[in-house]
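Before any comments, here is the structure.
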Amino acid sequence: MALRATVLRHIRLPVQTLTAIGSRPQPQWSFLRLFSSHDDHLTKEEVIDRVLDVVKSFPKVDRSRVTPDVHFQKYLGLDSLDNVEIVMALEEEFKLEIPDKEADKIDSCNLAIEYIYNHPMAG
Amino acid sequence: MSGATTAVYLARRAAQKERVRILYRCALKDTLNWAVHRHIFYQDASDLREKFEANKHVEDLDTIDKMIAAGEATYDKWRHPDPYIVPWAPGGSKFTRNPFPPSGIEIVYDYGREEND
Chain A
1 MALRATVLRH IRLPVQTLTA IGSRPQPQWS FLRLFSSHDD HLTKEEVIDR
51 VLDVVKSFPK VDRSRVTPDV HFQKYLGLDS LDNVEIVMAL EEEFKLEIPD
101 KEADKIDSCN LAIEYIYNHP MAG
Chain B
1 MSGATTAVYL ARRAAQKERV RILYRCALKD TLNWAVHRHI FYQDASDLRE
51 KFEANKHVED LDTIDKMIAA GEATYDKWRH PDPYIVPWAP GGSKFTRNPF
101 PPSGIEIVYD YGREEND
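Here you go:
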């Protein structure tokens with residue numbers, strides 16, 4: 001123990017000051033797998049990425065017009081039935097079960113991202 | 001007369017549109033329950049969409065009501081006896097599998113230590 005203490009006292013590590021960007025805890029945890037499902041919620045960026053992927057892979061949608069706050073019917077020119085199909089695709093992607101009344105109200109990417117992010121069981 | 005009826009007309013149309021959307025959603029889920037393989041599901045989903053699109057232009061409220069009722073009857077007739085429900089949802093296999101213990105109950109971690117130790 002004494003040898004260890006003397007060795008440690010003589011090894012000097014360079015002091016790392018925080019860079020100008022500032023401390024960013026978020027990317028450090030990206031390699032940390034949380035095995036308990038209690039704290040394992042999706043991050044907002046992950047939700048946004050997956051929702052946009054689902055919307056972009058819809059055949060009637062123009063890929064370049066999709067942004068995180070796009071309205072399905074007004075901006076992408078989709079039908080109300082297409083809206084239903086997109087909500088079903090999101091349900092399948094995130095393994096959710098959205099009740100019919102709630103699913104009817106999801107009209108835009110914004111609402112979809114908020115709903116999925118706030119859902120406790122979003123996978 | 002026209003002012004009141006257009007508001008009532010629009011309200012009825014909006015309610016009908018919502019019923020149609022919910023019917024389409026339930027019918028699509030049911031189609032996925034019956035046609036498990038994806039390529040068959042895509043074909044059946046296109047057929048279902050064609051059926052809905054064929055009646056898109058109808059304007060008369062009573063005809064629309066009758067068609068929605070007929071559609072819901074067809075949906076009830078074709079409902080799958082064992083639908084896929086997400087496990088944690090009501091009806092799924094994991095629903096209330098591990099309920100939360102009542103509050104005030106907790107585990108005492110004394111590892112079997114007794115009082116006279």
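Top line first, the protein sequences correspond to chains A and B. The opening position of the first sequence corresponds to residue 1 in the numbering used here, with each subsequent residue numbered one higher. The opening position of the second sequence corresponds to residue 1 in the numbering used here, with each subsequent residue numbered one higher. All C-beta atoms in this analysis are idealised placements derived from N, C-alpha and C, irrespective of residue type, glycine included.
- Query: So, using beta-carbon positions, are valine 47 of chain A and lysine 56 of chain A closer together than 7 angstroms?
  - Reply: Counted from its first residue, the first sequence places residue 47 of chain A at position 47. Counted from its first residue, the first sequence places residue 56 of chain A at position 56. No, Cβ-Cβ distance for valine 47 of chain A and lysine 56 of chain A is not below 7 angstroms.
- Residue burial classification, valine 58 of chain B (beta-carbon count within 10 angstroms, cutoff 16): Numbered from its first residue, the second sequence carries residue 58 of chain B at position 58. Exposed: under 16 other Cβ atoms inside 10 Å.
- Task: Show which residues of chain B have a CB atom less than 7 angstroms away from the CB atom of glutamate 97 of chain A.
- Result: Here residue 97 of chain A is taken as the residue at index 97 of the first sequence, counted from 1. Near glutamate 97 of chain A (Cβ distances below 7 angstroms), the residues of chain B are Ile85, Val86, Ala89.
- Item | Coil, strand or helix - histidine 10 of chain A by DSSP | Locating residue 10 of chain A in the first sequence gives position 10, counting from the first residue. For histidine 10 of chain A, the three-state secondary structure derived from DSSP is helix.
- Within chain B, partners of alanine 103 of chain A - CB distance below 9 angstroms: In the first sequence, counting from the first residue as 1, residue 103 of chain A sits at position 103. Simply Arg21, Ile22, Arg25.
- Query: For histidine 57 of chain B, which three-state DSSP category applies?
  - Reply: Translated into positions along the second sequence, residue 57 of chain B becomes position 57. The DSSP-derived three-state label of histidine 57 of chain B is coil.
- Query: Which of the residues in the stretch 65-82 of chain A, read from start to end, lie with their CB under 7 angstroms from any CB of chain B?
  - Reply: Look at the stretch 65-82 of chain A: the residues with a C-beta under 7 angstroms from a C-beta of chain B are Ser80, Leu81.
- Task: Within 10 angstroms of the Cβ of threonine 31 of chain B, are there 16 or more other Cβ atoms? Answer buried if so, exposed if not.
- Result: Counted from its first residue, the second sequence places residue 31 of chain B at position 31. The residue in question, threonine 31 of chain B, is buried, as its Cβ has 16 or more Cβ neighbours within 10 Å.
- Using a Cβ-Cβ cut-off of less than 9 angstroms, give me the residues of the stretch 47-67 of chain A that come near chain B, in sequence order. Taking 9 angstroms as the cut-off between beta carbons, none of the residues of the stretch 47-67 of chain A comes near chain B.
- Item | is_contact[leucine 61 of chain B, chain A] using C-beta, thresh 7 angstroms | Sequence index remark: in the second sequence, residue 61 of chain B carries index 61 (1-based). Leucine 61 of chain B does not count as touching chain A.
- Task: Output, in chain order, the set of chain A residues within a Cβ distance shorter than 9 angstroms of lysine 66 of chain B.
- Result: The residue given as residue 66 of chain B occupies position 66 in the second sequence. The contacting residues do not exist; lysine 66 of chain B stays about 20 angstroms from chain A at best.
- Task: Using a cut-off of 8 angstroms between C-beta atoms, extract the partners of arginine 79 of chain B located in chain A.
- Result: The sequence position of residue 79 of chain B within the second sequence is 79, counting from 1. Around arginine 79 of chain B, no beta-carbon contact reaches into chain A at under 8 angstroms, the shortest distance being about 15 angstroms.
- Task: Starting from serine 64 of chain A, follow its DSSP beta bridges and name the residues at the other end.
- Result: The residue you call residue 64 of chain A lines up with position 64 of the first sequence. Answer is none; serine 64 of chain A lacks a bridge partner.
- Message: Would aspartate 107 of chain A pass as an interface residue toward chain B - the criterion being a Cβ-Cβ separation below 7 angstroms?
- Response: If you number the first sequence from 1, residue 107 of chain A lands on position 107. Aspartate 107 of chain A does not count as touching chain B.
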